[in-house]
Amino acid sequence: MGCGASKKVVPELPALAQVKPEGQSQGSVGGGQEVAAQAAQSMQVARFRAKFDSRVLARYDIKAIIGTGSFSKVVRVERKTTKKPFAIKVMETRVNEGREACEAELSVLRRVSHPYIVQLEEIFEAQDRVYLVMELATGGELFDRLVAQGSFTERDAVRILCMVADGIRYLHALRITHRDLKPENLLYYHPGAESKILITDFGLAHSGNKSGDWTMRTLCGTPEYMAPEILLRKPYTGAVDMWALGVITYILLSGSLPFDDESHTRLYRKILKGKYNYTGEVDKVN
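All residue numbers for the sequence shown refer to UniProt numbering, where the first residue is 1 and numbers rise by one.
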């Protein structure tokens, strides 16, 4: 299993500077609006629940939809027997891209067990859907905390990076390359400041084959985090994850992307030339 040659580059996400901090983007919500929003959420959950496999509903109560992707939705659930919370990632497999992403995710999650990688609990397979029951991370994305506070102290950045690097080391020892490392795919296990980090979303991951070949050629990833060798369409290795970790390091310390441009062509040119943003804010780092 793994991603095939038809996999496309993930659409560009907004730059950090373009995202408004929490509390500024939505405005105040009145009591009536809040009730209406809760009612709409309940209706959405009810409609989604109606499409769930009966085997899943027999074991879990669906509480809320907490994430949506191109070929998947993530819901917060509670196991009926123990009341323990979990996350279920519902992956659509009717189209090739969704099926390939599901295969890539499963090929990794079935093999891994590490404190800094999200853990798979169980799987339910249906005709055109796969339900992945996983441990629930309640602290939100690293991206959200970056938006809220701008940047991290060196101490906090080092703590985060050590956990991510340890997870990458473990994956690479298994010849697994994530290929889409970014703050959106790093989750806090709980809301506390000292929470551990979990690497998640292996839809673009690649597992080396049994012959020992660990070389990849597929053009995939999120543009701002892609290594030069991917952009040059050269054969590449797990080193592309370390490039992405370098980009994340820069973001944690400066609060901005090292390579950023509205035009993909100009963005890729900056990456290939190593022309990264260097502002006065970075000078504050010791």
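C-beta: ideal position from N, C-alpha, C; glycine also.
Anticipated Cβ contact below 8 Å, residue i with residue j, distance rounded
i: isoleucine 117; j: glycine 167; result: 5 Å
i: leucine 186; j: isoleucine 176; result: Contact flag wrong, Cβ pair sits at about 16 Å.
i: glutamate 141; j: glutamine 119; result: About 18 Å separates the two Cβ atoms, so there is no contact after all.
i: glutamate 100; j: serine 72; result: Actually they are not in contact, since the Cβ atoms of glutamate 100 and serine 72 sit about 12 Å apart, beyond 8 Å.
Sheet register partners of residue i (DSSP bridge)
i: valine 133; result: Ile88, Glu122
i: threonine 177; result: His206
i: aspartate 61; result: Glu78
i: arginine 195; result: For the record, residue 195 in the displayed sequence is serine; it is not arginine. According to DSSP, which records beta bridges pairwise, serine 195 is partnered with nothing at all.
i: tyrosine 236; result: Met216
i: leucine 186; result: Ile199
i: isoleucine 117; result: Ile199
i: threonine 68; result: Lys73
i: glutamate 141; result: Leu187
Residues near residue i in its chain [Cβ-Cβ closer than 7 Å; skip 5 each side]
i: serine 151; result: Leu252, Leu253, Ser254, Gly255
i: phenylalanine 202; result: Ala104, Glu105, Val108, Leu109, His178
i: serine 195; result: Gly139, Tyr188, Tyr189
i: aspartate 128; result: Glu92, Thr93, Arg94
i: proline 115; result: Lys196
i: phenylalanine 259; result: Glu224, Leu267, Lys270, Ile271, Tyr276
i: glutamine 44; result: Ile65
i: phenylalanine 143; result: Pro183, Glu184
Closest by C-alpha distance to residue i, when choosing among the options
i: glutamate 184; options: Arg169, Gly221, His172, Ser207; result: Gly221
i: valine 147; options: Tyr170, Leu257, Pro85; result: Leu257
i: lysine 63; options: Lys270, Pro85, Met226; result: Pro85
i: leucine 181; options: Ser70, Leu204, Leu272, Glu121; result: Leu204
i: glutamate 121; options: Ala244, Trp243, Val77; result: Val77
i: glycine 274; options: Lys51, Trp243, Ala46; result: Trp243
i: glycine 192; options: Gly32, Arg145, Arg169; result: Arg145
i: tyrosine 170; options: Met43, Arg47, Gly238, Glu154; result: Gly238
Residue i vs residue j beta-carbon contact at 9 Å
i: histidine 172; j: alanine 137; result: no
i: glutamate 224; j: valine 247; result: yes
i: leucine 272; j: leucine 232; result: yes
i: alanine 157; j: threonine 249; result: yes
i: valine 112; j: leucine 174; result: yes
i: residue 287; j: arginine 49; result: Residue 287 falls outside the range modelled here, since the chain spans only 1 to 286, and no answer is possible.
i: lysine 270; j: tyrosine 278; result: no
i: valine 133; j: leucine 245; result: no
Same chain only: Cβ atoms within 6 Å of residue i, ignoring 5 sequence neighbours per side
i: tyrosine 131; result: Val56, Ile88, Val90, Phe124
i: valine 75; result: Ile62, Ile65, Ile88
i: cysteine 102; result: Met91, Thr93, Val130
i: aspartate 261; result: Leu267
i: valine 35; result: none
i: glutamate 12; result: With a pLDDT of 38 at glutamate 12, under the threshold of 50, the modelled position of that residue is not reliable, and the figure given next carries that caveat. Cβ within range, chain order: Pro223.
i: glycine 32; result: none
Beta-carbon proximity list for residue i, same chain, < 8 Å, skipping 5 on both sides
i: tyrosine 236; result: Thr215, Met216, Arg217, Ala227, Glu229, Ile230
i: aspartate 53; result: Phe124, Ala126, Arg129, Tyr131
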